[in-house]
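Let me begin by presenting the structure, written as structure tokens, before commenting on it.
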DNA sequence: CCATGAAATGAAAGCGCTTGCAGTCAGGGT
DNA sequence: ACCCTGACTGCAAGCGCTTTCATTTCATGG
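Structure, rendered in structure tokens:
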């Protein structure tokens, strides 16, 4: 089937017997055009099956109605939720998401940022505070408004919507301390290039320190975020530094890995071992026992980042930093520290 | 800080003492330009911090180097994996992903498709075969190459990369039948607007039918894809049509919901009740017992869709339909049908 | 040292749409 | 009947880059 070239606005104008300018206005500035005229234009549009040429419009208006987002692996459930919410929020306002994801690789992030800015993203969403300096420079220089998500910028240099990972992490650790635990292990995410993982880890350290306790290096293992890595890490901890009565996962999958492995080994949770996570993914509440964790409103973060960006594009000002709530959700995997000796008995 | 307007290519040309045309070629067609000249242009680029204006380039070349994808909820782990893989594949080729996601709403899908086509997507990725007729018409009329993912188009009208959901589902059901199960229940996904869910369900029906068995309506429940809904559905099945010895979930979260609920009620899996899922998400292999399921290579589907689209954009031809393997992964949640009476005993 | 064809460069015409500015036209005031 | 106002509409100049075609430059061979 030989495709006739798609009709342009000038064809519509001709068919409607008006000028190009009027046709344009009839479509994008409807009430600058007499009702009657507008009708003729719309008929012509329908008749020809005209589809506006976004690129040309973008060149003329210097607006693409597109928002760029550079996320770490989108297949991490929490980023997936945020992506979905963000896309929905934007779509409702006639915007579209330009998405790039990387595997915690800052150079890939920089390249992606460049690509999105070049493509004319009207605004950008980044995750966290760890970036190549050029990444923010590119943004700054191009003048594209951006939002940092997940983390909070202490210095107040960036617009951001996130939470205090350290603060939340302290809550978890204190919860455990309050239950009488003194020997605590941590399965942290990979902290390199990941301020969230770092802050979560140091939150535990701080909480312990404030009660005069230490977190020995051998009680900390870093692992990529996944259930399988959580299991492995838990095994390693058991081998390398047994005697702990609670383990904190850098996120829920890691914690769930630890939980499953503990149960597989006949370790009673929470009788002999308490387990806590971070993020509150769906499964956390469904497992028996439910996983004690921090609820991170990831979809809400995505949505809010979108809202703020759209507001800023309309010239409104928004508070520079938006802190989201991140409550501790105490469920069944945490309980009083065992009386006697820690596992192994 | 007063931002000076970003430099254009003509500024670069001037700074390098060459014409606009030469500057353009130095950047996009390097070996049409003498080494020396090219060097001067590159210096100028670096000095001015020039960033190409993608929109203008797109208008001139009629290529945006952008691929549009319209997915059902990206927060479903399997779509998240595909999205990530697709984005990576595209990035490697200098392309970017324009993403829209919807909640199984065909009108939203149509709107999103229009939006992406208007924005000049060079290619499109859709999921499944259920669409508004206009959706495919828009694609057809605009001449944008597209790939249908997940499903296989029997009629061979579309390029697609996916699998036979019915076929895979038959494998699951036969596996159960071979284990001696005769009373089987299904927690299907919502089949409305979702050919995958429909095919999976009818695969079970077919398998039973081929052994002269029926799947009574009361043994089928549709539920949105989530662990919580899986639990609820399982409860309802138990109330409404007890006596089954195996339950098949329309996807893994549903099956996991059933599994957790069964265990919570003291039903032995697989001793008294077998459970099978579909998709093979990470957790399926980690739970004790491991979930029997169909392995759907979702990341690979995303990657392959990207590869095919890129190939077609280069003028190559690819086989119209690409069927991906979807093997049965038999794990611990399925076992021989209980000898005596089905649960409740 | 000059002619000669290939290689490199430049001029200019778009790509399809928006928008500032000027022109048109109908209707109201006098 | 005439001028003025205000609402529409049309003209044409961009938006920033690519690309065709003509022109210039350059290295060779005669």
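Chains as they are written, first to last, in our numbering: chain A, 4 to 348; chain B, 4 to 348. Positions of the beta carbon are idealized from the N, C-alpha and C atoms, including for glycine.
Option nearest residue i by Cα separation, candidates the options
i	options	result
residue 140 (chain B)	B:154, B:216, B:124 and B:113	B:113
residue 175 (chain A)	A:34, A:280 and A:325	A:280
residue 325 (chain A)	A:209, A:316, A:308 and A:95	A:308
residue 289 (chain A)	B:298, B:256 and B:276	B:256
residue 136 (chain B)	B:43, B:241, B:196 and B:39	B:196
residue 338 (chain B)	B:138, B:322 and B:271	B:271
residue 273 (chain A)	A:116, A:182, A:48 and A:117	A:182
residue 48 (chain B)	B:20, B:35 and B:34	B:20
residue 327 (chain B)	B:92, B:343, B:193 and B:299	B:299
residue 240 (chain B)	B:132, B:33 and B:276	B:276
residue 184 (chain B)	B:217, B:192 and B:269	B:217
residue 313 (chain B)	B:97, B:116 and B:192	B:97
residue 341 (chain B)	B:284, B:334, B:310 and B:180	B:180
residue 152 (chain A)	A:177, A:228, A:347 and A:310	A:310
residue 336 (chain A)	A:284, A:315, A:278 and A:323	A:278
residue 205 (chain B)	B:269, B:173, B:89 and B:193	B:173
Buried versus exposed, by CB contacts within 10 Å (16 or more), residue i
i	result
residue 233 (chain B)	buried
residue 106 (chain A)	exposed
residue 362 (chain A)	With chain A covering 4 to 348 only, the question about residue 362 (chain A) has no answer from this structure.
residue 260 (chain A)	buried
residue 214 (chain A)	exposed
residue 145 (chain B)	buried
residue 85 (chain B)	buried
residue 46 (chain A)	exposed
residue 212 (chain B)	exposed
residue 127 (chain A)	buried
residue 219 (chain A)	exposed
residue 138 (chain B)	buried
residue 202 (chain A)	buried
residue 317 (chain A)	exposed
residue 50 (chain A)	exposed
residue 22 (chain A)	exposed
residue 254 (chain A)	buried
residue 282 (chain A)	buried
residue 306 (chain B)	buried
residue 24 (chain A)	exposed
residue 60 (chain B)	buried
residue 95 (chain B)	exposed
residue 159 (chain A)	exposed
residue 4 (chain B)	Model confidence at residue 4 (chain B) stands at a pLDDT of 43, short of 50, so the residue's coordinates are unreliable; what they give is reported in the following sentence. Residue 4 (chain B) is exposed by the Cβ-count criterion.
residue 116 (chain A)	buried
residue 267 (chain A)	exposed
residue 192 (chain B)	buried
CB contact flag (residue i, residue j, <8 Å)
i	j	result
residue 101 (chain B)	residue 71 (chain B)	yes
residue 77 (chain B)	residue 83 (chain A)	yes
residue 3 (chain B)	residue 187 (chain B)	This structure leaves residue 3 (chain B) out entirely; chain B is present only between 4 and 348.
residue 190 (chain A)	residue 246 (chain A)	no
residue 235 (chain B)	residue 226 (chain B)	yes
residue 69 (chain B)	residue 157 (chain B)	no
residue 62 (chain B)	residue 62 (chain A)	yes
residue 14 (chain B)	residue 67 (chain B)	no
residue 143 (chain A)	residue 163 (chain A)	no
residue 55 (chain A)	residue 121 (chain B)	yes
residue 75 (chain A)	residue 36 (chain A)	no
residue 294 (chain A)	residue 230 (chain B)	no
residue 263 (chain A)	residue 291 (chain B)	yes
residue 3 (chain A)	residue 331 (chain A)	Absent from the structure is residue 3 (chain A), since the part of chain A shown begins at 4 and ends at 348.
residue 10 (chain B)	residue 53 (chain B)	yes
residue 178 (chain B)	residue 333 (chain B)	yes
residue 198 (chain A)	residue 110 (chain A)	no
residue 43 (chain A)	residue 33 (chain A)	no
For residue j and residue i, believed in contact at Cβ under 8 Å, the rounded distance
i	j	result
residue 265 (chain A)	residue 237 (chain A)	7 Å
residue 103 (chain B)	residue 147 (chain B)	That pair is no contact at about 14 Å.
residue 210 (chain A)	residue 329 (chain A)	Contact flag wrong, Cβ pair sits at about 15 Å.
residue 99 (chain B)	residue 119 (chain A)	7 Å
Inset, instruction - Taking only runs that begin and end inside the segment 126-188 of chain B, name each unbroken alpha helix (DSSP H) of 4 or more residues, in chain order. - result: 136-145 and 168-181
Legend entry - 3 or more residues per run - each beta strand (DSSP E) lying fully within the segment 38-112 of chain B: 69-74 and 99-104
Legend entry - Every unbroken alpha helix (DSSP H) within the segment 227-313 of chain A, with a cutoff of 4 residues, ordered by chain: 230-243, 255-267 and 285-289
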